[in-house]
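Participant: Attaching a single structure in structure tokens format; questions to follow.
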Amino acid sequence: MSVTISSKRRGTEFVKKVKELSGENLHLCYQCGMCSGVCPAASNMDLSPRQVIELARLGMQNEIVKSKTVWICASCLACTVNCPRGFDLSRLMEAIRLLTLRRNVDHVKPEQIPPEERDDIPQIAMVSGLRKFTG
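Residue numbers (my numbering): -8 to 126.
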């Protein structure tokens, strides 16, 4: 029983933090699917953008963190431009990335990139990637 209460509390805290960091009202989305339909990266995602919004609304942080979707999002704003409600999904994705990195879950380990590949990666891309994917 206390495990359920504890996980509920964590879920509520996650929703609160996502709203605070993104500045978005998660209940503004009515799940029309337009974001998923216009997303150029959706075919590479294991959860659709619409599903991420619903999981965030439900406080299901662990399910979102296990997914690669928030890391694939390029924040191109195609979803935001086409959203009939004006929901800025890219801000939600960024908030979730920040909360994940705050848990010390890194998604890039520079030492695992082969040296020959590191030499070919533009420095600005390497720094940008490390800022986005590591805590």
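Beta carbons are placed, not taken as given, at the ideal position from N, Cα and C, and that holds for glycine.
Hey, Val43 and Thr60: beta-carbon distance below 7 Å or not?
Facilitator: On the sequence shown, residue 43 is found 52 positions in, with the first residue counted as 1. On the sequence shown, residue 60 is found 69 positions in, with the first residue counted as 1. Against a cut-off of 7 Å, the Cβ pair of Thr60 and Val43 comes out as a contact.
Participant: Taking only runs that begin and end inside the region -6 to 64, name each unbroken alpha helix (DSSP H) of 4 or more residues, in chain order.
Facilitator: Entirely contained in the region -6 to 64, the alpha helix (DSSP H) runs reaching 4 residues are, in chain order, 25 to 29, 40 to 48, 52 to 57, 60 to 63.
Participant: Please state whether DSSP places Gly77 in a helix, a strand or coil.
Facilitator: For the purposes of this step, residue 77 is taken as the residue at position 86 of the sequence shown. Gly77: coil per DSSP, three-state reduction.
Participant: Three or more beta-carbon pairs under 8 Å between the region 106 to 115 and the region 24 to 38, yes or no?
Facilitator: Because the criterion of three Cβ pairs below 8 Å is not met, the region 106 to 115 and the region 24 to 38 do not touch.
Participant: Look at Gly77 and Val6 and say whether their C-beta atoms are less than 7 Å apart.
Facilitator: The residue given as residue 77 occupies position 86 in the sequence shown. The residue given as residue 6 occupies position 15 in the sequence shown. For Gly77 and Val6, no; Cβs fall outside 7 Å.
Participant: Please report the straight-line C-alpha distance between Asn16 and Ala33, rounded to a whole angstrom.
Facilitator: Taking the sequence shown and counting its residues from 1, one reaches residue 16 at position 25. Taking the sequence shown and counting its residues from 1, one reaches residue 33 at position 42. Cα-Cα distance, rounded: 22 Å.
Participant: Can you tell me whether Leu89 is helix, strand or coil according to DSSP?
Facilitator: As a first step, residue 89 must be located in the sequence shown, where it is residue number 98. Leu89 falls in the helix class under three-state DSSP.
Participant: Classify Ser119 as helix, strand or coil using the three-state DSSP reduction.
Facilitator: Taking the sequence shown and counting its residues from 1, the one referred to as residue 119 is at position 128. Three-state result, Ser119: helix.
Participant: Going by beta-carbon coordinates alone, are Met117 and Asn73 separated by less than 7 Å?
Facilitator: Taking the sequence shown and counting its residues from 1, one reaches residue 117 at position 126. Taking the sequence shown and counting its residues from 1, one reaches residue 73 at position 82. No, the pair does not count as a contact, with Cβ atoms beyond the cut-off.
Participant: Using 7 Å as the threshold, is the C-beta distance between Leu131 and Ser13 below it?
Facilitator: In the structure as shown, the chain begins at -8 and stops at 126. Residue 131 is therefore absent and cannot be evaluated.
Participant: Between the C-alpha atoms of Ile55 and Gln103, what's the straight-line distance to the nearest angstrom?
Facilitator: To locate residue 55, count along the sequence shown from 1; it is residue 64. To locate residue 103, count along the sequence shown from 1; it is residue 112. Going by the C-alpha atoms only, they are around 24 Å apart.
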